[in-house]
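One structure below.
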Amino acid sequence: MIQIKGSVKFPITLDSSTWIFDDRKIRIEDLKKGDFNGEKPIKFEDNREWNRAILEGQTNPPTLNSEIEYKKRSVLESSFVINMTPFFKNAEPSDDATIIRLSNETEHIDIPFNLLPYLFFQFSKDGKRLYQDNAVDSFVYQQTEGIQYPFKYVTHIEVL
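Residue numbering for the sequence shown follows this note's numbering, beginning at 1102 and increasing consecutively.
Structure, rendered in structure tokens:
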């Protein structure tokens, strides 16, 4: 468990073991292709698509079982990250927040608060969680800059 604390209205606790079920997670490969959020909007462009999106109904040819199997296999084999923006939004950082300090037992790194939209936590690698205690690795990723501010084994988050 990792807590967001410091200059926030609501300190919140993050449990990285639940993120595997979160639709906002994305594969690292997809992140590098420019997909910063795993949520896919449901499109209602025609009646068939709408029915399937709501009811997971029949397609021609039937593919639902194959899709479910692919998703299960993907979770067991892929490396996933999640963007931190929604979690910080829920904590409601103060207007004067300028730094996100990520720490572990021996060191810390300060990330400028304006880079929050690009802050990702990696919580699984090859289908396995990174650490038994649910700590995570972090980095800032921008397509033009690549990976910046890499930090291993995040156990504490403080907004300054």
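We put the CB at the ideal spot given by N, CA and C, even for glycine.
Original post:
Can you tell me where the alpha helix (DSSP H) with L1132 in it begins and where it stops?
Top reply: In the sequence shown, counting from the first residue as 1, residue 1132 sits at position 31. Element bounds for L1132: 1129-1133.
**OP:** To the nearest angstrom, report how far apart L1216 and K1190 are at their CA atoms.
**Re:** Here residue 1216 is taken as the residue at index 115 of the sequence shown, counted from 1. Here residue 1190 is taken as the residue at index 89 of the sequence shown, counted from 1. Cα-Cα distance, rounded: 14 Å.
**OP:** Please go through the same chain and pick out, in chain order, the residues whose beta-carbon is closer than 6 Å to the beta-carbon of K1253, but skip the five residues on each side of it.
**Re:** Here residue 1253 is taken as the residue at index 152 of the sequence shown, counted from 1. Counting only Cβ-Cβ distances below 6 Å, and skipping sequence neighbours, we find D1238.
Original post:
Would the beta-carbon of G1181 fall within 8 Å of that of I1113?
Top reply: Here residue 1181 corresponds to residue number 80 of the sequence shown, with the count starting at 1. Here residue 1113 corresponds to residue number 12 of the sequence shown, with the count starting at 1. Per the sequence presented here, residue 1181 reads as Phe, with Gly not at that position. It is not a contact, given that the beta carbons lie outside the stated cut-off.
Original post:
So what's F1122 in DSSP terms, helix, strand or just coil?
Top reply: Sequence index remark: in the sequence shown, residue 1122 carries index 21 (1-based). F1122: helix per DSSP, three-state reduction.
Original post:
With which residues is K1106 paired in a DSSP beta bridge?
Top reply: As a position in the sequence shown, residue 1106 is number 5, starting the count at 1. DSSP lists E1259 as partners of K1106.
Original post:
Just how far apart, CA to CA, sit Y1242 and N1184?
Top reply: Taking the first residue of the sequence shown as position 1, residue 1242 is located at position 141. Taking the first residue of the sequence shown as position 1, residue 1184 is located at position 83. Their backbone Cα atoms lie some 10 Å apart in a straight line.
Original post:
Name the DSSP beta bridge partners of T1114, please?
Top reply: In the sequence shown, counting from the first residue as 1, residue 1114 sits at position 13. DSSP lists Q1104 as partners of T1114.
**OP:** Could you pull out every residue in the same chain whose Cβ sits closer than 6 Å to the Cβ of S1195, ignoring the five residues on either side in sequence?
**Re:** If you number the sequence shown from 1, residue 1195 lands on position 94. Excluding residues within five positions, the ones whose Cβ falls inside 6 Å are S1108.
**OP:** Would you decide whether D1116 is buried or exposed? Buried here means 16 or more other CB atoms lie within 10 Å of its CB.
**Re:** Numbered from its first residue, the sequence shown carries residue 1116 at position 15. The residue is exposed, with fewer than 16 neighbouring Cβ atoms inside 10 Å.
Subject >> beta strand (DSSP E) segment containing F1137, residue limits >> reply: Counting from 1 along the sequence shown, the entry for residue 1137 is found at position 36. Where F1137 is concerned, there is no enclosing beta strand (DSSP E), given that its DSSP letter is neither H nor E.
Original post:
Out of curiosity, what's the CA-to-CA distance linking G1135 and G1247?
Top reply: On the sequence shown, position 34 is the one that residue 1135 refers to. On the sequence shown, position 146 is the one that residue 1247 refers to. Their Cα atoms are separated by approximately 11 Å.
Original post:
What is the DSSP secondary structure of G1219, reduced to helix, strand or coil?
Top reply: Here residue 1219 refers to the residue found at position 118 when the sequence shown is read from its first residue. The sequence as given places Tyr at residue 1219; Gly does not occur at that position. Correct three-state label for Y1219: helix.
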